[in-house]
Every structure is written in C-alpha cells, then in structure tokens.
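Numbering (this note's numbering), first residue to last: 9 to 353. Glycine is no exception: its CB is placed at the ideal position from the N, C-alpha and C atoms.
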Amino acid sequence: MKISFTVISLLVVLQACRAPQPEETSSPRTQIPVQVITATSYLLQPEIKAAGQFTTDDETLLSFKVGGVIDKIFVKEGDAIRAGQLLATLHLTEINAQVTQAELAFEKATRDFNRAQNLYKDSVATLEQFQNARTAWEVASQQLQSARFNRSYSEIRAIRSGNVLRKFVQEGQVITSGSPVLQTNGAGSQHWILKVGVADREWAIIEPGDKATITADALPGKIWKGVVSKKSAAVDAYNGALQVEITVVEQEHQLAAGLVGTATLHAARNQHVWKLPYEALLDGNANAGYVFIAQDGKAVKTPVAVIGIEKNSVLISGGLADGQQVIVSGSAYLKDGSELTIISR
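Dropping the structure here:
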C-alpha cells in the first residue's frame, strides 16, 4: 500500500507541473508594402528601326520558254550585265530536231497544197480536197513558226542593263519550261528600294507614304531619304517577317544590289503608350513582359506589350488602361493575388 500511495503522489505532482496549453489563434496574413503610380497614356509618333537589302523595283526572273538540259551559264551572282547580253543556253540537239521535223512537215504540206491546187484547177480534185490541203499547209506553217520561236527562247538574254542577283540552277541540270534560271534587276535605272522585315505590331502602324531615313554601314556618313511604297500582305516564307518596301527618294549611284541598309521609319499614325519606371516591368524581353496592378488590396499580374526602352523607363503599348495603379516598388516580392498595402513614394 505504501508503494501505491507513492506512485499516485508522483503522478499528481507531474500533472501539476505540466505547462498549460496556449489557445490556437489564426495569425493575420502578411500585407506586402508597395508603391504605385497611376497609369496615364500619351500619344507617341513611333520610330521603327529595321534592316534589309537594297535592290531595285524592276527585279525580273528569267527562264527558258522550253524545258531541256542547261548547256552554258555565262554569268554568276553579282555580275554586271548589259541589255541583250547572252546569259544562258540550253542543249539544242532535241530542239533542233523539233525544228527540222517542223520544216520537213511544212515542205511536204507545201507540195501537197500545190498539187491539190493544180488538180483543182483541172477539175480533177474536188473543192473539199483542195481545202483540206490548204488547211494542212496552214497548220504546218504555224507549227514551224512555233518550233523556231521555241528555239529562239532556248537562250536567255538580258532584257536591260543591271546586275545578276541570284542564280538558281547549274550547268547540266534538267529544267522544265518556265523554271527560274536567273534573277536580275535594272540597277542602271537607279530605281532603288530597301526591303526590310518588321514585326507584326510594327507592320500594323506603318502605312504607305510614311517617311524614313536610311543609312548603310558600307557608306558611313551617307544618309538617304525614303518613303514607304509597299507593305506585304503575307509573312515572308524565308525569314518569318512581314516585308516593307522603302523607295529611296534621291537618285543614288553609289548603291549596289544586296548592300545592307538600316531604315528609321517615322510612322505617321500616332500610338497610345504608357511610360513606366524600368523596375515596374518583370520578365521583360524585346517586346513583352508583365507588371503588377494594385486592385482591391491585392496584386493582379498583368501581361503588357513593350514598344521601346528609354533611360530608366519602358514604353508600354498594350495591356494597361488609364487610371490603373501600377506597382513600381516591392513587386519582386509579389505573386498574383498577394495582399498588399500601399505606401507613399
């Protein structure tokens, strides 16, 4: 009995020494302090920089009228050419055989026609026989003209003075009728244009008639005036950009086809933009990023379109609305839906 009493006394002492358990309470959610500015747009005349190559407005694809095997190509890319110069020829063995066959057929049709005409005069041949012979002679005559015409187009000659821009085939290659062999331009005419590729948002605000200034690294210090003359209606299959053609206003003799130029386009269509401190933009790249908007005490992650970067500022062209509270300080600690408190700047 003494042992049992001792154990019970010990349990009572331990129970009395146990610390009381605190009551569970819900801690308030942390509000992140931020600073904001009010988004206010203004009109901006955008300047768009784009690079491309000089060429002329009379580029021409030259091809053979008939198919065959290429015999000779007398020029290479970049060569200067003069009007009427022989540029390429086909092997003429098959083509000459076709001309010879047409000549023989025409000779036979001529003999048959003369014989039928004499017999008709002597009332030996009927009118129908005479008419059939005359029709056969006319058909043979047309076939001979066609064969000679095709032979004349078994060679390619320059239609105007200029330069060879591209050579698509090699000697000995078999080509079909109308397949491009050479691309030339009329550089001697001095109708120079600069073809540049632009992004879709830039393409949308560029209009024919917009002014441009053009430079070329190969000709330092030289500046040309230009005017947008054409906008492409489809994406270029080679580079994935939309093409814009800028006509060089001045008559310029120093340019060369293929020379790289840079254009600064002054779009006549003004654009609404917002200027924000650089630190307000998160995960920004060349033309996109996101900002946080303070709305109802919470942070709202908002994608935006970037049109340009200035000193300590970014220009936003889309994604914002006037009057929104854009977070410019403390955004690095935010996520979408974070609770916040606004402090003065």
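Next item on the list: Inspect the CB distances between the region 78-89 and the region 170-184 and report whether three or more fall short of 8 Å.
Entry: Taking a contact to require three or more Cβ pairs closer than 8 Å, the region 78-89 and the region 170-184 qualify as touching.
Notebook entry, point to check: When DSSP labels each residue in this structure, what does residue 83 get in the three-state scheme?
Noted result: Here residue 83 sits in coil by DSSP.
Check: Under a three-way DSSP split, which group does residue 219 fall into?
Finding: Residue 219 falls in the strand class under three-state DSSP.
Next item on the list: With a cut-off of 8 Å on the beta carbons, I'd call residue 254 and residue 222 a contact; round off their distance for me.
Entry: That pair is a contact at about 7 Å.
Margin query: Rounded to the nearest angstrom, what separates residue 273 and residue 208 at their Cα positions?
Written below: Looking at the two C-alpha atoms, the distance is approximately 15 Å.
Margin query: According to DSSP, simplified to helix, strand and coil, what is residue 344?
Written below: Look at residue 344 here: in three-state DSSP terms it is coil, with no helix or strand label.
Next item on the list: State the DSSP-derived secondary structure class of residue 265, mapped to helix, strand or coil.
Entry: If DSSP states are grouped into helix, strand and coil, residue 265 belongs with coil.
Margin query: Using CA atoms only, rank isn't needed, just tell me which of 52, 156, 127, 143 is closest to residue 103.
Written below: By alpha-carbon distance to residue 103, the top candidate from 52, 156, 127, 143 is 156.
Next item on the list: Report yes or no: do three or more beta-carbon pairs, one from the region 338-348 and one from the region 54-61, lie closer than 8 Å?
Entry: No, they do not touch.
Next item on the list: Could you check which residue in 244, 266, 159, 212 has the C-alpha nearest to that of residue 192?
Entry: Checked all of 244, 266, 159, 212; the closest Cα to residue 192 is 266.
Note to self: Suppose you measure from the CA of residue 285 to the CA of residue 277; what does that come to, to the nearest Å?
What the structure shows: Cα to Cα, residue 285 sits roughly 25 Å from residue 277.
Note to self: So, for residue 143: in the same chain, excluding its five sequence neighbours on each side, which residues have a beta-carbon less than 7 Å away from its beta-carbon?
What the structure shows: Closer than 7 Å at the Cβ level, and outside the excluded window around residue 143, lies no residue.
Next item on the list: Check whether the Cβ atoms of residue 289 and residue 322 lie closer than 8 Å to each other.
Entry: In this structure, the beta-carbon distance from residue 289 to residue 322 falls below 8 Å.
Check: Should residue 334 and residue 44 be called a contact, given that it needs their Cβ atoms to be closer than 8 Å?
Finding: Their beta carbons are under 8 Å apart, which means residue 334 touches residue 44 by this criterion.
Note to self: Quick check on DSSP: helix, strand or coil for residue 193?
What the structure shows: Residue 193: strand per DSSP, three-state reduction.
Next item on the list: On a CA-only basis, which of 94, 75, 217, 76 is nearest residue 84? Give me that one, please.
Entry: The shortest Cα separation from residue 84 among 94, 75, 217, 76 belongs to 94.
Notebook entry, point to check: Looking at the unbroken beta strand (DSSP E) that takes in residue 333, where does it start and where does it end?
Noted result: Residues 333-337.
Check: How far does the beta strand (DSSP E) with residue 230 in it reach, from first residue to last?
Finding: Judged by DSSP secondary structure, residue 230 falls outside any beta strand (DSSP E); it is assigned neither H nor E.
Next item on the list: Would you mind sorting residue 280 into buried or exposed? The rule is 16 or more other CB atoms within 10 Å of its CB.
Entry: Under a 10 Å Cβ-count criterion, residue 280 is classified as exposed, with fewer than 16 other Cβ atoms of the shown protein chains found around its own Cβ.
Next item on the list: Just the C-alpha distance for residue 227 and residue 263, rounded to the nearest angstrom, thanks.
Entry: Going by the C-alpha atoms only, they are around 9 Å apart.
Check: What's the call for residue 210, buried or exposed, on a 16-neighbour Cβ count within 10 Å?
Finding: With 16 or more neighbouring CB atoms inside 10 Å of its own CB, residue 210 falls in the buried class.
Item checked: Own chain partners of residue 117 with C-beta closer than 7 Å, once the 5 adjacent residues on each side are dropped -> Counting only Cβ-Cβ distances below 7 Å, and skipping sequence neighbours, we find 144, 145, 148.
Next item on the list: Tell whether a beta-carbon distance below 8 Å holds between residue 270 and residue 39.
Entry: No; because the gap between Cβ atoms is not below 8 Å, this pair is not in contact.
Check: Do you know offhand how far residue 78's Cα is from residue 327's?
Finding: Spanning the two alpha carbons is a distance of roughly 58 Å.
Notebook entry, point to check: Out of 229, 231, 204, 238, which has the shortest C-alpha to C-alpha gap to residue 249?
Noted result: When each option's Cα is compared against that of residue 249, the closest is 204.
Next item on the list: Specify, as a first and last residue, the run of the beta strand (DSSP E) that residue 50 falls within.
Entry: Counting along the chain, the beta strand (DSSP E) containing residue 50 begins and ends at 49-52.
Notebook entry, point to check: In the structure shown, what three-state DSSP assignment does residue 273 receive?
Noted result: Strand at residue 273.
Check: Leaving out five residues before and five after residue 67 in sequence, what residues of the same chain have Cβ atoms less than 8 Å from its Cβ?
Finding: The residues 173, 191, 192, 193, in chain order, have a CB closer than 8 Å to that of residue 67 in the same chain once the five nearest residues on each side in sequence are set aside.
Next item on the list: Output the boundary residues of the alpha helix (DSSP H) element that contains residue 107.
Entry: Under the DSSP assignment, residue 107 falls in the alpha helix (DSSP H) whose first and last residues are 101-129.
Next item on the list: Please report the Cβ distance between residue 163 and residue 81, rounded to the nearest whole angstrom; I am assuming they are in contact, meaning their Cβ atoms lie under 8 Å.
Entry: No, residue 163 and residue 81 are not in contact; Cβ-Cβ is about 11 Å, not under 8 Å.
Notebook entry, point to check: When DSSP builds the beta bridges, which residues end up paired with residue 302?
Noted result: Answer by DSSP bridge pairing, in chain order: 307, 333.
Notebook entry, point to check: Could you give the distance in angstroms between the alpha-carbon of residue 256 and the alpha-carbon of residue 338?
Noted result: Taking the Cα positions, residue 256 is about 50 Å away from residue 338.
Next item on the list: Check residue 171 in the structure and name its three-state DSSP category.
Entry: It is a strand residue.
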